[in-house]
Amino acid sequence: MFRTSRCSGRRVAAVLGLGLSLAAVSPASAAPTVDVNGRWTAKEIHTFLDRFYGEHGPSGADRRNRVSDLLKEKAAANPGLDVLLCAQNAPRSIDVGKVTTAQSARVGWATVTTHWGDHGEVTAELRALVDLDASKPLKLLDVECSPES
Numbered sequence: 001m002f003r004t005s006r007c008s009g010r011r012v013a014a015v016l017g018l019g020l021s022l023a024a025v026s027p028a029s030a031a032p033t034v035d036v037n038g039r040w041t042a043k044e045i046h047t048f049l050d051r052f053y054g055e056h057g058p059s060g061a062d063r064r065n066r067v068s069d070l071l072k073e074k075a076a077a078n079p080g081l082d083v084l085l086c087a088q089n090a091p092r093s094i095d096v097g098k099v100t101t102a103q104s105a106r107v108g109w110a111t112v113t114t115h116w117g118d119h120g121e122v123t124a125e126l127r128a129l130v131d132l133d134a135s136k137p138l139k140l141l142d143v144e145c146s147p148e149s
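In this text, residue positions in the sequence shown follow my numbering: the first is 1, and each later residue adds one.
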């Protein structure tokens with residue numbers, strides 16, 4: 001069943017234009033971004049790592065839900081070391097560096113810098129690796145500690 005509209009063509013166009021305008025200003029960042037091959041982008045990985053590590057290290061929920069089985073096994077095998085931070089205690093602050101993606105290896109990584117000392121002047125670095133496969137939720141695959149850690 002069709003209805004006949006008494007609105008003028010201009011009014012209908014204005015309403016349609018408003019709908020398109022509202023769609024254009026809706027937050028695109030609310031949805032995760034993936035590349036054309038179904039891989040997480042460097043930006044999305046950086047956001048994940050930044051939230052995952054936070055200021056002082058991952059939360060208990062992130063440690064349970066956002067970490068690979070490999071890392072959970074490493075953590076169980078090293079009870080005196082926080083394998084996600086390559087440390088024994090919580091740092092004063094944490095910074096996530098630039099993300100690199102290796103499309104052929106389907107892995108992305110970033111250097112994570114932990115700050116220690118009274119004023120955060122002492123630093124240590126680790127490399128955090130994630131899977132690029134966007135058909136799965138982002139998870140921390142592995143952590144490579146620097147030799148000094």
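Each residue gets a CB set at the ideal place from its N, CA and C atoms; glycine is no exception.
In the structure shown, what three-state DSSP assignment does residue i receive?
i, result
"Asp69", "helix"
"Arg92", "coil"
"Thr47", "helix"
"Ala128", "strand"
"Lys74", "helix"
"Gly60", "helix"
"Val25", "Confidence is the limiting factor: at Val25 the pLDDT is only 43, short of 50, which leaves the residue's position unreliable, though a coordinate-based value still follows. It is helical."
"Ala42", "helix"
For residue i and residue j, I'd like the C-alpha separation in whole angstroms.
i, j, result
"Arg127", "Leu85", "10 Å"
"Asp95", "Asp50", "8 Å"
"Gly108", "His119", "31 Å"
"Ala61", "Tyr53", "12 Å"
"Ala124", "Thr33", "30 Å"
"Val67", "Asn37", "23 Å"
"Gly117", "Asn89", "12 Å"
"Pro91", "Gly97", "16 Å"
"Ser135", "Ala77", "30 Å"
"Glu121", "Val83", "22 Å"
Which word fits residue i, buried or exposed, when buried means at least 16 other C-beta atoms lie within 10 angstroms of its C-beta?
i, result
"Glu73", "exposed"
"Thr100", "exposed"
"Arg106", "exposed"
"Leu129", "buried"
"Leu71", "buried"
"Ala110", "buried"
"Asp69", "exposed"
"Pro58", "buried"
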